[in-house]
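Asks: Take a look at this one; I'll ask things after.
Numbering (our numbering), first residue to last: 2 to 281.
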């Protein structure tokens, strides 16, 4: 008797969600930046790494509301399969917000700011419900990790000061565009007791700067403004297809040091097994 086994291998797809916000509503308290400019240079870079346009979802400025971002997250989760490579990119404002569950020693979560989120707490009007916190992202990315499996990969890029301590600016002779806010979003309530719990980070995450540094925009030779990390990623496109994650981060860091005159170091995290594998 001859037994035959048939193993069905799921084809690998490369999928991406790109979010870029620069023209925030002034009445919500945010200053203008150029997060929307990052989207096209990243899309072109991903195309050259085998991400087809039909697999790249884009939300820019007024499209990037909280509900639309959450819907895009959910859609990506639903269509993702085992072995897929997922790339998430956020360029916009960031802010610290009162920690809800006691997992932050400084009692503040980091958050991404959608188009329709306010900068300040206003009781009964806006109480932080549209801030996309790191807790929310952790929960979502954990579900996404389950969908793509161990053989899949998730890369998350945040070209924002998610700690709220930085800005995107230029020299003293240029207009300065602050990204993020030094003002924390304080929700008046009893602070949660700090619970030192480890959050599993089973994806690759890259931020444009350390929490104590400033995130600067770069002005190119044509006068266009881009996030320094986004611009650095776009300039490394020829290397990305066969480069390890750790080498890619080092390359981006070197480029950022060349194009900025202020200290700015990439922050990144992920499991060592993923860091030592190819980026894409």
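Note that CB positions come from ideal geometry on N, CA and C, so glycine has one too.
Does the beta-carbon of residue 65 have 16 or more other beta-carbons within 10 angstroms, so that it is buried, or is it exposed?
Replies: In the chain shown, residue 65 corresponds to position 64, counting from 1. Buried, because 16 or more other Cβ atoms sit within 10 Å of the Cβ of residue 65.
Asks: Cutting at 6 Å between CB atoms, please list the residues of its own chain near residue 52, excluding the five before and the five after it.
Replies: For this step, residue 52 is matched to residue 51 along the chain shown. Answer for residue 52: 15 and 17, listed in chain order.
Asks: Look at the Cβ atom of residue 97, then the Cβ atom of residue 111, and state whether they are nearer than 8 Å.
Replies: Counting from 1 along the chain shown, the entry for residue 97 is found at position 96. Counting from 1 along the chain shown, the entry for residue 111 is found at position 110. Against a cut-off of 8 Å, the Cβ pair of residue 111 and residue 97 comes out as a contact.
Asks: Within 10 Å of its beta-carbon, does residue 272 have 16 or more other beta-carbons around it, so buried, or fewer, so exposed?
Replies: Here residue 272 corresponds to residue number 271 of the chain shown, with the count starting at 1. Exposed: under 16 other Cβ atoms inside 10 Å.
Asks: Which parts of the stretch 196-268 are runs of the alpha helix (DSSP H), unbroken and 4 residues or longer, counting only runs that do not cross its ends?
Replies: DSSP runs (the alpha helix (DSSP H)) wholly in the stretch 196-268: 229-235 and 246-260.
Asks: What does a CB cutoff of less than 6 Å around residue 50 pick up in its chain, not counting 5 residues either side in sequence?
Replies: Position 49 of the chain shown, counted from the first residue, corresponds to residue 50. Excluding sequence neighbours, residue 50 sits near 241, 242 and 281.
Asks: Where does residue 54 land, buried or exposed, given buried means 16+ other C-beta within 10 angstroms?
Replies: Against the chain shown, residue 54 aligns to sequence position 53. Classification of residue 54: exposed, given that the 10 Å Cβ count is below 16.
Asks: Tell me whether residue 109 sits in a helix, a strand or coil according to DSSP, three-state version.
Replies: Taking the chain shown and counting its residues from 1, the one referred to as residue 109 is at position 108. Strand.
Asks: How would you write the range of the alpha helix (DSSP H) that residue 40 sits in, first residue to last?
Replies: For this step, residue 40 is matched to residue 39 along the chain shown. Here the alpha helix (DSSP H) through residue 40 covers 36-48.
Asks: Kindly indicate which three-state DSSP category residue 22 falls into: helix, strand or coil?
Replies: Here residue 22 refers to the residue found at position 21 when the chain shown is read from its first residue. Note: residue 22 maps to coil in three-state DSSP.
Asks: How about residue 217 and residue 229: are their beta carbons less than 8 Å apart?
Replies: The residue labelled residue 217 in the question sits at position 216 within the chain shown. The residue labelled residue 229 in the question sits at position 228 within the chain shown. Their beta carbons are under 8 Å apart, which means residue 217 touches residue 229 by this criterion.
Asks: With 16 other CB atoms within 10 Å as the buried threshold, where does residue 131 fall?
Replies: Taking the first residue of the chain shown as position 1, residue 131 is located at position 130. Buried, because 16 or more other Cβ atoms sit within 10 Å of the Cβ of residue 131.
Asks: Please report whether the beta-carbon of residue 262 lies at a distance below 8 Å from any beta-carbon of chain D.
Replies: Absent here is chain D; the protein component of the structure consists of one chain.
Asks: Residues in its own chain within less than 6 Å of residue 118 by CB, not counting five upstream and five downstream?
Replies: Counting from 1 along the chain shown, the entry for residue 118 is found at position 117. Excluding sequence neighbours, residue 118 sits near 131 and 132.
Asks: Please confirm if the stretch 259-270 is in contact with the stretch 70-78, defined as three or more CB-CB distances below 8 Å between the two stretches.
Replies: The stretch 259-270, when compared against the stretch 70-78, does not touch it at the 8 Å Cβ threshold.
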